[in-house]
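Read the structure below first, then the notes.
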Amino acid sequence: MVMEDILNYAVDYARRLGATYAEARYQSDTFEEFTLRNGVPEAPAFGTSKGLSVRVIISGSMGFASTNLTRKTDVKDAVERAVTLAKASSKAVKNPIRMADARTVKAECVIKPRIKPEYVDPDSKVELLKEIDERSVAITSRDDVKLPSRVLSVGHLMTEKQIITSDGSSIYSRIPRVMFSYMLTAAKAGKGTAQRFENLGESGGWERVERWLLEDKVSEEAGKLANILTEATEPPTDTLDVVLGPELVGIICHESAGHPLEADRVLGREAAQGGETYVSRELIGERIGSEHVTIVDDPRLPNSFGYYLYDDECVEARERVLIEKGRINELLHNRETAAEFGTVSNGSSRASSYDVEPIVRMANTYMKPGDHSLEELIEGIRYGVYISSYMEWNIDDRRWNQRYVGLEAYLIRNGKL
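Take the sequence shown: its letters are residues 5 to 421, numbered as in the numbering used here.
Structure follows, in structure tokens:
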């Protein structure tokens, strides 16, 4: 293991200083990104962030400290800082922090990419972006549509973690991820502009990027922008049925089920990433939607961007059924919030870097499929709109209200697009 000895030392030393719970985490994040802006390569971005953090509980209070130096003396100092913070804040604690019981585990989660992204020739990555850019410009020019602004990026991230707790758990993980994003702005004289932005990401190696067929995908989206500017008409203004494509369903699940059901947000301790939450303890078990709607969050989906098998408190991941047949079923919990709700953690505690505490966050949140295909959904509508993608969205600060503006959309008449 990468840092097992020094992590064990940190946990043992914290216990000797009076911690009833201690946790030490080593995390290394190595990234690389190539960007093409309007056909011109920018300087590549690359770097590594790595270090160690410690969390302790003393007298019902949590203390946290981190260091990017991993010598024993530096780790000793970090433990002492965490203990000092916990002791100082314990004097003001009204509700002592407890950690819900969790099964002791020792495990590894290592993804071995077929093609390591760091071994792929940098020039070929830039050439990929250039090919995407050239094909996108060519396909829109057929309709006298220009792409005055084009930003394409491709990159990868390798995250390595080792976590040890005073409960006896130890988890080592090494997960590579690849990412691609693009932003295209199309313009046509007398018609205005249209913009398309999209992110793609998976866990795995460069073979996942090859699978995306990016030259075809992005040029197709560019063609859709050209079609919107040349062929689109004003949408109906009356009340009508709406069918949503996967892109909109995905962001609705993310913003209206994922974030709102993070237990720290329900407890009023979190408001970042778009606001607070409409959910309260009393709403758990209540119906808030159609019986046909079941929304889950599952980190275990192979090759997904949010993939992991154990969270940053060494709790095994599982499927979390957030909304079951229209009813709020469960929240996303770490061990601390689980103790407050009288339940157990469902493996939702994660940290984005070594120098921040793990907090409650979703992984892969999605709506479970029903029994109907898209064609069957449309067949049942006499007059409506199918929205395939969106150009903008917003929510209020408690997520009660939400607004999505369609980009690519089609009129439905008598069951046909």
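Ideal Cβ placement from N, Cα and C applies to all residues, glycine included.
Here the structure is a predicted model, which means the values were calculated and not measured.
Assuming Lys228 is part of the beta strand (DSSP E), what are its boundary residues? Careful: Lys228 lies outside any beta strand (DSSP E), inside the alpha helix (DSSP H) at 218-235.
Would you mind working out which of Glu286, Lys91, Ser392 sits nearest Leu378, comparing C-alpha positions? Out of Glu286, Lys91, Ser392, Ser392 has the C-alpha closest to the C-alpha of Leu378.
Starting from the C-beta of Thr144, find all residues in its chain whose C-beta is less than 8 Å away, skip the five residues before and the five after it, and write them out in chain order. Excluding sequence neighbours, Thr144 sits near Lys150, Leu151, Ala190, Ala226, Gly227, Leu229, Ala230.
Considering only residues of the same chain and omitting the five flanking positions on each side of Val389, which have a CB-CB separation below 8 Å? If we look at Val389 and ignore the five residues flanking it on each side, its Cβ neighbours are Pro239, Pro240, Leu244, Asp245, Val246, Val247, Gly410, Ala413, Tyr414, Leu415, Ile416.
In the DSSP assignment, find the beta strand (DSSP E) that holds Pro180 and state where it starts and stops. Here the beta strand (DSSP E) through Pro180 covers 174-192.
Which residue wins for smallest C-alpha separation from Asn99, given the options Tyr387, Asn405, Glu259, Glu344? Considering only alpha carbons, the answer is Glu344.
Bounding residues of the alpha helix (DSSP H) (the contiguous stretch that carries Gly254): Unbroken alpha helix (DSSP H) run through Gly254: 250-257.
Taking the C-alpha atoms as reference points, what is the distance between Gln406 and Trp397? Their Cα atoms are separated by approximately 7 Å.
For His160, the residue or residues it bridges with in DSSP: His160 is bridged by DSSP to Glu36, Val182.
Can you look up Lys54 in the DSSP assignment and give me helix, strand or coil? Note: Lys54 maps to strand in three-state DSSP.
Could you name the residues of the same chain whose beta carbon sits closer than 6 Å to that of Arg178, not counting the 5 residues immediately before and after it, in chain order? A distance below 6 Å between beta-carbons, with the five flanking residues on each side excluded, links Arg178 to the following residues of its chain, in chain order: Val114, Glu164.
At which residues does the beta strand (DSSP E) containing Ile119 begin and terminate? Judged by DSSP secondary structure, Ile119 falls outside any beta strand (DSSP E); it is assigned neither H nor E.
Beta-carbon spacing of Val319, Ser353 below 8 Å: Val319 places its beta carbon less than 8 Å from that of Ser353.
In chain order, what residues of the same chain have a beta carbon less than 8 Å from the beta carbon of Gly374, not counting five sequence neighbours either side? Take Gly374, set aside five residues on each side of it, and the residues of its chain with a beta-carbon closer than 8 Å to its own are His296, in chain order.
Rounded straight-line distance, which links the Cα of Thr24 to that of Ser63: Going by the C-alpha atoms only, they are around 8 Å apart.
What residues are listed by DSSP as bridge partners for Val389? Val389 is bridged to Val246, Leu415.
State the DSSP-derived secondary structure class of Trp210, mapped to helix, strand or coil. In this structure, Trp210 counts as helix in the three-state DSSP scheme.
I need the straight-line Cα distance from Phe35 to Gly159, nearest angstrom please. The straight-line gap from Cα to Cα measures roughly 7 Å.
Same chain, Cβ closer than 6 Å to Gln199, five either side skipped, listed in chain order: Cβ-Cβ distances below 6 Å link Gln199 to Thr189 in the same chain, with the five nearest sequence neighbours on each side left out; the list follows chain order.
Only counting the same chain, and skipping five residues up and downstream in sequence, which positions put a Cβ closer than 6 Å to that of Leu132? Cβ within range, chain order: n/a, list empty.
Ala28 to Leu204, Cα distance in whole Å? Cα to Cα, the separation comes out at about 32 Å.
Count the other CB atoms within 10 Å of the CB of Asn368; is the residue buried (16 or more) or exposed (fewer)? Buried, by the Cβ-count rule.
Just the C-alpha distance for Met366 and Ala193, rounded to the nearest angstrom, thanks. When only Cα atoms are considered, Met366 and Ala193 end up about 43 Å apart.
By the three-class DSSP mapping on this structure, what secondary structure does Pro264 have? Reduced to three states, the DSSP call for Pro264 is helix.
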